[in-house]
Amino acid sequence: MLKADVENAEYILYIGAYPGHSGKPMQTIARQAAIRSSSGTLKFDVVDPVLVGGAVSPIGGNTQWIPIKPTTDSAFVMGMLHWMIENNRINVDFLSSPNLDAAKKKGFNSWTNAVHLVITDPEHPNKRKLLRANDLGLPVPPAPEADPTAAAPATPPEYFVVIDKATGKPMLHSDSSEGDLLFKGEVTDASGKSIKVQTSFMILKESIFKQDIAAYSKICGVPEATIIDIAKEFSSHGMKAGVDGMGNTASSTGFDASMAQYLLTLMIGCMNKKGGVVTRRNAYKSVAPGPRYDLADFPNKPKISGINISRAGVPYEKTPEFRMYKAKGENPYPAKMPWHPVGSGSDNQAIFSIVNGYPYQAKILMFWMSNPLMTTPAAAREEVSAELKKVERVPLIIALDAFMGESTSLADYIIPDTTSYESWAHANSEGNCPGKVTTVRWPVVEPMTGKISDNRFACFENYCIDVAKKIGMPGFGDQAIPGADKKLYPLNAPEDFFLRGVANIAFDGEPVPNISEDETKLQDLETVTKSWKNSLSAEEWPKALYVLARGGRFEDSAKAFVGDNHKYAFTGCFNLYVEKMATALNSFTGKPFSGTLVYNEEAFADGTTLQQKYPQKEWPFQGVSYKAKFRSVSMLANTVLRDLNKVNSIEINPEDAALLQLKTGDKVKLISATGGEAVGVLLVRQGVARGTVAVAFGYGHWEYGSRAQQIGDKKTGGNSSIASGVLLSGISLIDPTVKGVFGFSEMSTGGPSRNGGAFRIEKA
Numbered sequence: 001m002l003k004a005d006v007e008n009a010e011y012i013l014y015i016g017a018y019p020g021h022s023g024k025p026m027q028t029i030a031r032q033a034a035i036r037s038s039s040g041t042l043k044f045d046v047v048d049p050v051l052v053g054g055a056v057s058p059i060g061g062n063t064q065w066i067p068i069k070p071t072t073d074s075a076f077v078m079g080m081l082h083w084m085i086e087n088n089r090i091n092v093d094f095l096s097s098p099n100l101d102a103a104k105k106k107g108f109n110s111w112t113n114a115v116h117l118v119i120t121d122p123e124h125p126n127k128r129k130l131l132r133a134n135d136l137g138l139p140v141p142p143a144p145e146a147d148p149t150a151a152a153p154a155t156p157p158e159y160f161v162v163i164d165k166a167t168g169k170p171m172l173h174s175d176s177s178e179g180d181l182l183f184k185g186e187v188t189d190a191s192g193k194s195i196k197v198q199t200s201f202m203i204l205k206e207s208i209f210k211q212d213i214a215a216y217s218k219i220c221g222v223p224e225a226t227i228i229d230i231a232k233e234f235s236s237h238g239m240k241a242g243v244d245g246m247g248n249t250a251s252s253t254g255f256d257a258s259m260a261q262y263l264l265t266l267m268i269g270c271m272n273k274k275g276g277v278v279t280r281r282n283a284y285k286s287v288a289p290g291p292r293y294d295l296a297d298f299p300n301k302p303k304i305s306g307i308n309i310s311r312a313g314v315p316y317e318k319t320p321e322f323r324m325y326k327a328k329g330e331n332p333y334p335a336k337m338p339w340h341p342v343g344s345g346s347d348n349q350a351i352f353s354i355v356n357g358y359p360y361q362a363k364i365l366m367f368w369m370s371n372p373l374m375t376t377p378a379a380a381r382e383e384v385s386a387e388l389k390k391v392e393r394v395p396l397i398i399a400l401d402a403f404m405g406e407s408t409s410l411a412d413y414i415i416p417d418t419t420s421y422e423s424w425a426h427a428n429s430e431g432n433c434p435g436k437v438t439t440v441r442w443p444v445v446e447p448m449t450g451k452i453s454d455n456r457f458a459c460f461e462n463y464c465i466d467v468a469k470k471i472g473m474p475g476f477g478d479q480a481i482p483g484a485d486k487k488l489y490p491l492n493a494p495e496d497f498f499l500r501g502v503a504n505i506a507f508d509g510e511p512v513p514n515i516s517e518d519e520t521k522l523q524d525l526e527t528v529t530k531s532w533k534n535s536l537s538a539e540e541w542p543k544a545l546y547v548l549a550r551g552g553r554f555e556d557s558a559k560a561f562v563g564d565n566h567k568y569a570f571t572g573c574f575n576l577y578v579e580k581m582a583t584a585l586n587s588f589t590g591k592p593f594s595g596t597l598v599y600n601e602e603a604f605a606d607g608t609t610l611q612q613k614y615p616q617k618e619w620p621f622q623g624v625s626y627k628a629k630f631r632s633v634s635m636l637a638n639t640v641l642r643d644l645n646k647v648n649s650i651e652i653n654p655e656d657a658a659l660l661q662l663k664t665g666d667k668v669k670l671i672s673a674t675g676g677e678a679v680g681v682l683l684v685r686q687g688v689a690r691g692t693v694a695v696a697f698g699y700g701h702w703e704y705g706s707r708a709q710q711i712g713d714k715k716t717g718g719n720s721s722i723a724s725g726v727l728l729s730g731i732s733l734i735d736p737t738v739k740g741v742f743g744f745s746e747m748s749t750g751g752p753s754r755n756g757g758a759f760r761i762e763k764a
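Counting from 1, one number per residue, gives the positions in the sequence shown under this note's numbering.
Dropping the structure here:
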């Protein structure tokens, strides 16, 4: 949700991310980071098991790469936090603000639950929950009157409890101007009974101080002195420091890594601050209900109900399976497959649900803008595609694709789709631009998919429109899109939808000016857009053209701040203690997750650690899948980029290579602890951490033109070089404690374990 403010920060700690090699947009971030670091106004460190470059350079001394053991990011950060708390290098003013108003009076525009009390009394019925007013019988303000015009009743506010710094007594969090950050003790409820409590901050501190910095150093492989140096640097810039991460969160310890990064920013109070971390994806209204059209709602819109097939975002205890076991008086743990209580929709988990027929059978599977068999760890295994091929498992598979991808090749029907040069889109910024940004992509060439009628081409959008109209689905056809004038407008073609989104962008806030006649002529816009002109009103069209001509609408970055506060701040509470996580249970063990930051080893669903099952002595390597410079799914059609680096390597550290008596160029086998092996060429280099095997993603295809296809009377494809190289996710670990085929995953959210695992290397 938050990204480092690259343009204004003095220091950024990248963990599992490289400015200029990852992130969106990579080129802009690279330019920002390179210019500012070379000029001496920005210093940044990259903590990652693999050195891949980007803007990292040994020249100038303002950047450095710090190797770390895969999946141990939380241990590294806990070492930093240990030093920062111990040496009082935290922002107490920020952390002690119990509500937004109190924080604003101190100059902040965000707040945390650091001083909110948590019930730690094991006998209390609300143990592990935040202490609320009703737990103590404290009076609360009367609920506001219901708005009779509201679509849904407003959620009543919750009142938590803090120890007020001024009085030393329990008080509603909303009434206190400063809370006691370090309180640990007892409070008394209305009946006179004592309740053991402590602040969220104290729970975090105790978790961190269970081990010392030396122990965290041993876990993550980063020297103790380096951890301390980075902690000093990070806490030496006031609120002009930030944290950024990406690929490191795709592991079985990914939630811990995400929370660790987020807590670092809370400790120095840089949330929503210029030079700190700011909200991303701040956009002009387009698809959301806008000033001209509502593209998110329509009359008779169907309601979504039921349980998500990915098992993510659903506590196991709320499922029919759990209730069935409880009704029988049986132990409901473990579940048949993991449920991930704090996650959200997940394509990687959906694939494993589908191939196992759990929690229910998928009747129709559609692939669009995705290739989960290639990208999901362990989904490239033969047993996964074998299940998907069974009609009794999935009766119908439909793919909408511009290429014959690995997942698409299993489809019963393939609908030709357009590429980025032939299609529409509205996209936003990922945070490197703090102001509002909405880019607009529109067709600049005629699609190669073939016409289905006058000026209508085969593509995802037209397929959806035509099928919806055929089955009588609301929201399509001549009376579909609600306008601000209370009229309904047609949705019969992609431009009907996207151009109305452009009109929203143009009129959001202060409308953009009309495009000038000279500019229209200069770009010959009348010619290239003449078939769309009637989609919008005479008032809307010249403003929409103004946006189209610029490829979107872009706010001046300077206008994104009011003083040093970000104008588009997230004003909700940032949690040091996450009650939802603390009260959620592991669906296999029945044990609660931690509500705060902890160091967890990689572990399977039943709690067995990876080391217990596959000892490091026998399986000495953890895998890291990183982005290649010249190869990705979308770049495969670019033969120039593809030919620059036709094959990837199996990469290891020189010291590991010496122990194995291997050298660069050797043909080796990379073997997974749960079955599967890949053969490739070894590359020995210093830019890989000890005990790590690095493999660039985007290689090892078995479709995408690598295999010849017969389409009617025409044979196409068959370039075997596309299949060259190694696909790490093809041999990623499965979880042996789960029946069926299930990719090794993080249990609370369902995040895939793209990094980590257990491997060994042998000479082929």
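Every residue gets a Cβ at the ideal spot worked out from N, C-alpha and C, and that includes glycine.
7 Å Cβ shell around residue i - same chain, five flanking residues per side excluded
{"i": "M246", "result": "G16, A17, S22, G23"}
{"i": "S344", "result": "A312, G313"}
{"i": "V502", "result": "V440, A544, V547, L548"}
{"i": "E519", "result": "A549"}
{"i": "T664", "result": "L682, L683, V684"}
{"i": "L410", "result": "S385, L388, K389, I397"}
Local conformation of residue i per DSSP, three classes
{"i": "E206", "result": "helix"}
{"i": "Y463", "result": "helix"}
{"i": "E703", "result": "coil"}
{"i": "V92", "result": "helix"}
{"i": "T692", "result": "strand"}
{"i": "R381", "result": "coil"}
{"i": "C220", "result": "helix"}
{"i": "P334", "result": "coil"}
{"i": "Y325", "result": "helix"}
{"i": "D564", "result": "coil"}
Residues bridged to residue i [DSSP beta-bridge criterion]
{"i": "D401", "result": "P416"}
{"i": "N455", "result": "Paired residues: none, contrary to the question."}
{"i": "S771", "result": "An answer regarding residue 771 cannot be provided, because it is not within the stretch 1 to 764 covered by the chain."}
{"i": "A603", "result": "T609"}
{"i": "I12", "result": "F44, G242"}
Pair within 8 Å by beta-carbon distance, residue i and residue j
{"i": "M366", "j": "I414", "result": "no"}
{"i": "G729", "j": "A380", "result": "Per the sequence shown, the amino acid found at residue 729 is Ser instead of Gly. In this structure, A380 lies closer than 8 Å to S729 by Cβ."}
{"i": "Y358", "j": "M337", "result": "yes"}
{"i": "A154", "j": "A146", "result": "yes"}
{"i": "L733", "j": "G700", "result": "no"}
{"i": "H173", "j": "N272", "result": "no"}
{"i": "A75", "j": "Y599", "result": "yes"}
{"i": "Y216", "j": "H82", "result": "yes"}
{"i": "Q211", "j": "L117", "result": "no"}
{"i": "R280", "j": "S176", "result": "no"}
{"i": "L42", "j": "A9", "result": "yes"}
{"i": "D244", "j": "A425", "result": "no"}
{"i": "D417", "j": "F460", "result": "yes"}
{"i": "G691", "j": "K69", "result": "yes"}
{"i": "D189", "j": "D135", "result": "yes"}
{"i": "T362", "j": "I309", "result": "According to the sequence as given, residue 362 is Ala; it is not Thr. In this structure, I309 lies closer than 8 Å to A362 by Cβ."}
Cβ-based neighbour list, residue i, same chain, cut-off 8 Å, excluding 5 preceding and 5 following
{"i": "K669", "result": "E677, A678, V679, I761, E762, K763, A764"}
{"i": "K193", "result": "none"}
6 Å CB neighbourhood of residue i in its chain, flanking five on each side removed
{"i": "R393", "result": "E387"}
{"i": "N91", "result": "I268, G269"}
{"i": "T772", "result": "In the structure as shown, the chain begins at 1 and stops at 764. Residue 772 is therefore absent and cannot be evaluated."}
{"i": "P144", "result": "none"}
{"i": "G552", "result": "T438, T439, V440"}
{"i": "T72", "result": "I219, C220"}
{"i": "G740", "result": "N356"}
{"i": "A55", "result": "P19, G20, A30, A33, A34"}
Any non-hydrogen atom of the ligand HEM closer than 7 Å to residue i Cβ
{"i": "V668", "result": "The ligand HEM is not among the ligands present in this structure, which contains no ligands whatsoever."}
_Pairs of beta-carbons, one from the stretch 228–237 and one from the stretch 111–130, closer than 8 Å: are there three or more?_
no
*For the 8 Å Cβ check, are there 3 or more pairs between the stretch 490–508 and the stretch 285–294?*
yes
*Is the stretch 298–305 close to the stretch 469–485, with three or more CB pairs under 8 Å?*
yes
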